[in-house]
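J.: The sequence shown lines up with residues 10 to 97 when you count with my numbering.
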Amino acid sequence: DRERHFTRRDIREYSGWSDFQVKTHIRQLEELEYIYSTAGRKGKEYVYELLYAGGGEDGKPFVIGLIDIEQLKEKAAQLGIEDNLEGT
């Protein structure tokens, strides 16, 4: 199922992120168990699977537990947290 499987290259090409950014965020998503590596090791392509059960409201896609970026910005502003560009 290609919609749920992807590589780091896929992410870089889609997002324009650097390899550092992709690896940083992939590591976080793996730790939170939103994705897992189905293949890959030194010298081999890493393939990840999105652990997505579906079921979004009105058919809109979402990932359980992830906050919308605008909500995150509002919450950070309320807490007095300035933009943190780490991982960008």
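Glycine included, every Cβ here is placed at the ideal spot set by N, Cα and C. Predicted model only: the values in this text are computed from it and were never measured.
#1: Is it a yes or a no for the stretch 52 to 59 touching the stretch 12 to 32, going by three-plus beta-carbon pairs under 8 Å?
#2: What does the alpha-carbon distance come out to for the pair PRO33 and ASP77?
#3: Start and end of the alpha helix (DSSP H) containing ILE99?
#4: Near VAL31, which residues of its chain fall below 7 Å by C-beta distance, leaving aside the five closest residues on each side in sequence?
#5: Any idea if ILE44 is buried or exposed, counting beta-carbon neighbours within 10 angstroms, 16 or more meaning buried?
#6: Just curious, the beta strand (DSSP E) that ILE44 is in, first and last residue?
T.: On the basis of the supplied data:
#1: With the rule of 3 Cβ pairs closer than 8 Å, the stretch 52 to 59 counts as touching the stretch 12 to 32.
#2: Here residue 33 refers to the residue found at position 24 when the sequence shown is read from its first residue. Here residue 77 refers to the residue found at position 68 when the sequence shown is read from its first residue. For clarity, residue 33 is Thr in the given sequence; the question names Pro instead. THR33 and ASP77: Cα-Cα distance of roughly 19 Å.
#3: Outside the modelled stretch of the chain, which goes from 10 to 97, sits residue 99, for which no answer is possible.
#4: By one-based count along the sequence shown, residue 31 stands at place 22. Contacts found: ARG17, ILE20 and ARG21.
#5: Reading the sequence shown from its first residue, position 35 is the one you call residue 44. Per the 10 Å Cβ criterion, buried.
#6: On the sequence shown, residue 44 is found 35 positions in, with the first residue counted as 1. It spans 44 to 48 - the beta strand (DSSP E) in which ILE44 sits, taken as one unbroken run.
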